[in-house]
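Working notes for the structure below.
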Amino acid sequence: NFTIQGQNTAVTICGPQTITPVNTSTVDQSCQAVTALWTVTGGPAGGFSIAGPVNSLTTPPQITFNLAGVYRVRLALTSGTCTSVPHDVEVTVNTQPIAELPADISICGGASGQIVYSGNAANTFYARLEGTAVPDATTYSWDILDITGNITATISDPAAKYPTISYSGIGSFRVRVRHSNSCAPNIEDSQIITVENSPQVTPGTYTAVCPGDDIPLNLTTITGNYQSLEWTGGTGTFSPNRNVLNPVYTPSPAEIQAGGVTLNLVVNTGLSGTCSTITTPVPLTIRPQNIITSASAKTICTGSNVDYDIIAQSGSTFTWTVVSSTNVTGAQDGSGIAIDDLLANTSPNNSDGEVVYRITPFNSGCQGVSFTFTVTVVANVPPTFTFPAPNFRCGTQNITFTNTTTSQSGEYRWDWNDGSPLETNNDPTVTHNFPANADGTDHLYRIRLIHVSACGNISSVIQEITVRPEFPVARIGTPTRTSECGQFTLTVPNTSPGSNDKYEFRIEDENGNLVPNSIVISGNTVTKTIAGDKSAAEFTIVPVGNATYYVRMVANNDCNSADIPNRWPIPVSTAGRSEMFLSVSEACQSTPVSFNNNSIGTSFTYIVYRENSSEFDRFNVTETQRSYTYTGFTEPGIFDVTVTAQSAGCGNAGESIKHRINIVAVPALSFTANTVGCDNLVYQFTPTQVNSSTYNYLWNFGDGTGNIPGPNPAPHTYAAPGTYTVTLTVTNSLGCNVPVDPVLVVARPRLIADFTVLPGEEIFIPNYHFSFRDNSEGVPASWLWDFGNGESSNLPNPEYTYPATDIGSHLVTLTVTNIASDGSTCTSVKQKSVTISGTPGTLFIPNAFIPSSSSAAIQTFMAKGSGIESWHMQIFNKWGQLVWETNKLGADGEPLEGWDGTYKGSPAPQGAYVWQVSAKFINGTEWKGMSYRNSPPKRSGVINLIR
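Under my numbering, the first residue of the sequence shown is numbered 25, with each subsequent residue one higher.
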């Protein structure tokens with residue numbers, strides 16, 4: 025703790041003055057040493073100084089306060105790591121009060137004016153009032169004295185440090201100020217102000233103009249009489265001249281470059297003294313030239329977007345036109361901040377295309393400097409090349425390739441597909457060596473030519489060349505046979521390397537002659553003529569005695585031919601006998617038939633052929649099943665049956681002669697029942713298979729009308745609705761028949777549409793909902809409801825809510841449908857009128873207005889609507905301040921007031937504002953909000969004020 029002049033919290037003194045604090049702290053030095061720190065803060069810069077130690081408990085420092093201000097003196101004690109709570113004393117320092125006003129002055133006045141005193145020394149009415157740190161209501165006192173002439177003067181606040189003095193008329197008066205504080209009372213000064221009768225010049229405020237625009241100086245006015253005037257300053261031109269009040273000023277290029285100029289309006293009043301000439305500055309602002317700084321040219325590949333971002337002044341927008349387009353499609357005039365046309369090169373000879381755009385920037389309503397942007401569109405030229413025919417070579421070869429690509433620009437790379445690196449070569453021709461495989465196989469080379477265009481687009485083309493061995497290698501594997509004696513199948517595998525064009529297999533005797541086809545029943549020669557076909561060759565051999573045959577194979581390619589090194593020997597011998605007959609020559613479908621077998625062998629193969637010799641069935645039996653009962657004739661037709669005997673270890677004995685049998689079809693197994701038209705009591709019955717020349721038909725309709733013969737009975741009419749069992753009996757010419765499943769038919773009443781409406785056929789808004797219930801007779805299969813407003817439903821009992829705009833009557837139509845069994849459509853229609861009564865409501869909010877427009881319709885931001893019970897509209901600026909609001913409505917519930925674009929009596933600045941609206945319609949519904957361009961409705965949005 026400490027005191028200053030006996031005070032330990034606050035004290036007021038007159039300066040300059042030196043004070044010494046008195047330390048009254050309680051200190052215990054028995055534990056740890058206590059240190060002190062004296063500090064002074066606050067006041068103006070240089071307002072105090074400290075002499076003596078600042079860390080002493082016993083000898084406090086001397087503090088000298090030189091300038092008026094509020095200071096804070098602090099003592100902080102520290103013991104070890106502990107710091108005590110500091111103690112502060114606030115010192116308010118006043119000095120000898122100063123009151124100084126400027127010298128007497130004459131001002132050029134008019135009917136009225138204001139004088140504002142300030143503490144700024146550069147101000148004409150600078151009042152030097154110093155010495156008081158904290159003024160109160162008695163510190164300053166202003167008054168008006170010695171008024172002469174026809175003038176009145178008043179002070180806004182006589183106790184203010186810097187008041188405003190309002191005057192009216194011509195004359196003079198004396199202004200006096202008194203300054204008092206704790207150091208001295210009533211230090212005063214005064215100033216005589218003379219108001220001359222001179223004209224009043226209002227310079228006006230001119231908004232920024234676009235570069236190159238003339239500036240009408242029509243906002244500057246003069247009130248009162250004067251002799252002459254002249255506009256001075258500026259390096260531009262005045263029209264008609266500098267000596268009229270409101271000329272049109274044309275800025276010079278230097279002023280446009282500088283962004284503005286300050287003109288002076290010099291008025292010669294004819295008065296004497298300081299008011300003989302009145303000079304008023306009029307500043308003019310010129311917006312900077314808007315110049316596009318982005319690149320003036322770009323190269324792209326055909327089929328690419330321009331992707332050009334236009335760079336100019338921040339916030340600029342742009343329009344562009346296509347000046348020229350050579351061998352390019354896709355260029356369009358447009359606007360925005362980027363050009364992104366999809367351009368395609370259409371040059372017939374694959375030369376570069378070109379588009380020239382003329383771009384014009386706009387910013388703050390000003391048109392900038394037009395700019396030329398050129399786009400070069402490089403064609404996507406697919407590479408092509410040729411080489412001498414054919415597309416194969418025999419043995420290792422050098423091959424020359426010719427680059428036939430129409431474009432020679434960019435880079436060409438050859439991929440030889442032989443493991444060597446890519447060869448970059450733009451020469452018209454290039455030669456490369458292609459070796460043949462040493463193992464007799466073909467080598468397929470896929471030569472690829474790659475074109476990298478000037479714009480970086482990569483395309484390629486591939487052609488193939490096969491390098492074959494100069495002489496083919498013919499090779500077969502070990503032949504296999506299905507039996508060691510009798511008939512057998514011989515399979516000869518082809519193991520030749522490569523993919524030769526042709527292979528020929530032959531069965532020869534020991535002298536090299538072909539074995540007759542009567543023995544090699546499949547043919548004594550097998551030729552594979554499809555290039556690369558190395559499938560095995562098969563021969564069917566039926567020996568007529570014991571002998572040795574030989575297999576030979578010849579391989580051919582486009583270069584040469586070659587035989588296998590040695591023929592392969594095949595020893596043969598004979599086998600048993602095949603013989604049979606059938607139990608019948610005609611039978612019903614699926615009836616058992618006996619195959620009587622007289623063959624010699626240990627097992628047997630039966631083959632059943634259709635009349636056209638295609639195989640119908642094949643199965644094997646053993647010796648114990650040689651005579652076989654067959655039940656496999658499941659379809660009608662003419663069939664042939666053979667048997668082939670096999671002997672163990674000796675193969676087949678050969679197929680027997682064919683034995684023919686006629687299989688007669690079994691009658692139809694079902695029939696259909698279909699209603700005739702839309703009459704559900706009349707049925708047409710039709711069998712699924714009709715053969716009136718061989719089948720006998722007998723119908724029973726289940727209603728006691730007896731049996732009706734014939735395949736296609738007339739439509740049958742049932743006397744009453746109900747369920748009936750219908751049967752059909754069919755017999756063929758052999759007396760075979762199959763039971764036909766009976767059919768249940770249901771005779772139903774006719775279809776009649778009808779429906780009811782809930783809660784009734786008239787409702788009142790805000791209820792728009794009806795429930796529709798189907799009461800149709802018969803059994804409808806489908807429903808179609810037409811609600812009379814373009815909407816529909818396929819439900820049997822739909823629920824439907826009409827839109828709030830559909831007030832009035834609507835004709836509801838129900839169409840019910842049945843599909844008769846014969847495929848015809850049966851319909852019935854019922855109509856009823858429903859009504860929604862009440863008063864509708866609408867509300868529309870625009871999104872822009874122009875107070876200065878010549879069209880009254882867009883001078884005010886005005887909501888449109890009717891049928892509104894209550895509403896509240898508010899307009900906010902970008903700072904969230906409420907600019908305007910209304911809730912007034914007319915007799916028809918329509919908005920009465922609109923915003924005229926002012927705020928607190930002054931025009932609001934151009935820009936975006938936020939509207940917020942809540943409304944309830946007379947029909948009881950809440951307004952959902954405003955929707956622009958099919959957007960979701962919102963109860964707030966943006967309004968653009970345009971000036």
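The beta carbon of each residue, even a glycine, is placed where N, CA and C say it ideally should be.
Pair every Cβ in the stretch 225-242 with every Cβ in the stretch 267-284, then say whether three or more of these pairs are closer than 8 Å.
Below 8 Å, enough C-beta pairs join the stretch 225-242 and the stretch 267-284 to call them touching: three or more.
To the nearest angstrom, how far is it from the Cα of Pro864 to the Cα of Asn818?
Approximately 29 Å, taken between the alpha carbons.
Considering only C-alpha positions, which residue in the set Thr44, Ile423, Phe89, Pro68 is nearest to Gly76?
Ranking Thr44, Ile423, Phe89, Pro68 by Cα distance to Gly76 puts Thr44 first.
Assess contact between the stretch 408-420 and the stretch 368-378, defined as three or more Cβ pairs (one per stretch) separated by less than 8 Å. Is contact present?
Remark: fewer than three beta-carbon pairs, one from each stretch, lie closer than 8 Å, so the stretch 408-420 and the stretch 368-378 are not flagged as touching.
Excluding sequence positions up to five away, which residues of its chain have a Cβ less than 7 Å from the Cβ of Lys952?
Taken in chain order, the residues that qualify are Pro961.
C-beta atoms of Arg684 and Ile662 nearer than 8 Å:
Result yes, Cβ atoms of Arg684 and Ile662 sit closer than 8 Å.
Alpha-carbon spacing of Phe149 relative to Ala100, whole angstroms
Those two C-alpha atoms are separated by around 47 Å.
Would the beta-carbon of Asp778 fall within 8 Å of that of Ser806?
A distance of 8 Å or more separates the beta carbons of Asp778 and Ser806.
Is Glu647 buried or exposed, if buried means 16 or more other CB atoms sit within 10 Å of its CB?
So Glu647 ends up on the exposed side.
Is it the case that the stretch 294-309 contacts the stretch 324-334, given that we only count it when at least three CB pairs across the two stretches are under 8 Å?
Segments in contact, no.
Check the DSSP bridge columns for Cys234 and list the partner residues they point to.
DSSP lists no partner for Cys234.
Look up Leu867 in the DSSP assignment and give the residues it is bridged to.
Answer is Gly889, bridged to Leu867.
Write down the C-beta distance between Thr751 and Leu705 rounded to the nearest angstrom, noting that I regard them as a contact closer than 8 Å.
No, Thr751 and Leu705 are not in contact; Cβ-Cβ is about 20 Å, not under 8 Å.
Contacts around Phe411, its chain only, beta-carbon distance under 6 Å, and the 5 residues preceding and following it disregarded
Cβ neighbours of Phe411 beyond the five flanking positions: Ile423, Phe425.
For Glu114, list the residues DSSP reports as bridge partners.
The partner list for Glu114 (beta bridge, DSSP) reads Ala34, Arg96.
Give the single residue among Leu606, Ser861, Thr926, Asn901 whose Cα lies nearest to the Cα of Pro875.
Considering only alpha carbons, the answer is Thr926.
Using a Cβ-Cβ cut-off of 7 Å (strictly less than) and excluding sequence neighbours within five positions of Leu906, which residues of its own chain qualify?
Annotation for Leu906: Gln898, Phe900 place their beta carbon closer than 7 Å to its own, counting only its chain and skipping 5 residues before and after.
If you count every other CB in all the chains shown that lies within 10 Å of the CB of Cys106, and 16 or more means buried, which is it?
Around the beta carbon of Cys106, a 10 Å sphere encloses fewer than 16 other beta carbons of the protein chains shown; the residue is thus reported as exposed.
Among the residues of its own chain, which have a CB less than 8 Å from the CB of Thr666, if the five just before and after it don't count?
Ser602, Met604, Tyr630, Ile631, Tyr633, Glu679, Ser680, Ile681, Lys682, His683, listed in sequence order.
Which residue or residues does DSSP assign as beta-bridge partners of Ile280?
None; Ile280 has no bridge partner.
Assigned exposure category for His793 - 16 Cβ within 10 Å defines buried
That one is exposed.
Using DSSP with H/G/I as helix, E/B as strand and the rest coil, what is Ala880?
Note: Ala880 maps to helix in three-state DSSP.
Determine the closest residue to Ser597 out of Tyr573, Glu562, Gly569, Thr27, with distance taken between C-alpha atoms.
Just measuring C-alpha positions, the residue of Tyr573, Glu562, Gly569, Thr27 sitting nearest Ser597 is Gly569.
Check whether Ala611 and Ile554 have beta carbons under 8 Å apart
No, Cβ-Cβ distance for Ala611 and Ile554 is not below 8 Å.
Between Ile831, Pro68, Asn427, which has its C-alpha nearest Phe788's C-alpha?
In this structure, Ile831 is the residue among Ile831, Pro68, Asn427 with its C-alpha nearest to the C-alpha of Phe788.
Keeping to the same chain, check which residues put their C-beta closer than 8 Å to that of Thr341; ignore five residues upstream and five downstream.
Hits under 8 Å: Ser359, Gly360, Ile361, Pro385, Phe386, Asn387.
Could you name the residues that DSSP lists as bridge partners for Lys912?
Per DSSP, none; premise fails for Lys912.
Any idea what DSSP makes of Cys674, helix, strand or coil?
Coil, per DSSP.
Quick one: what's got a C-beta closer than 8 Å to Gln356's C-beta in the same chain, skipping five residues either side?
Excluding residues within five positions, the ones whose Cβ falls inside 8 Å are Val346, Asp365.
So for Gln613, helix, strand or coil by DSSP?
Gln613: coil per DSSP, three-state reduction.
Considering Cα atoms alone, identify which of Thr293, Asn537, Ile545, Ile310 is closest to Gly392.
Closest by alpha carbon: Ile310.
Between the beta-carbon of Ile565 and the beta-carbon of Arg576, is there less than 8 Å?
Against a cut-off of 8 Å, the Cβ pair of Arg576 and Ile565 comes out as no contact.
On the three-state DSSP scale, how would you describe Thr1050?
Coverage of the chain is limited to positions 25 through 971, which leaves residue 1050 absent and any answer about it impossible.
When the Cα atoms are used, what is the spatial distance from Val268 to Thr229?
If you draw a straight line from the Cα of Val268 to the Cα of Thr229, it is about 18 Å long.
Is the beta carbon of Phe529 less than 8 Å from the beta carbon of Val544?
The criterion of a C-beta distance shorter than 8 Å is not satisfied by Phe529 and Val544.
Compare the beta carbon distance of Leu722 and Pro711 with 8 Å and say whether it is the shorter of the two.
Going by C-beta atoms, Leu722 is not nearer than 8 Å to Pro711.
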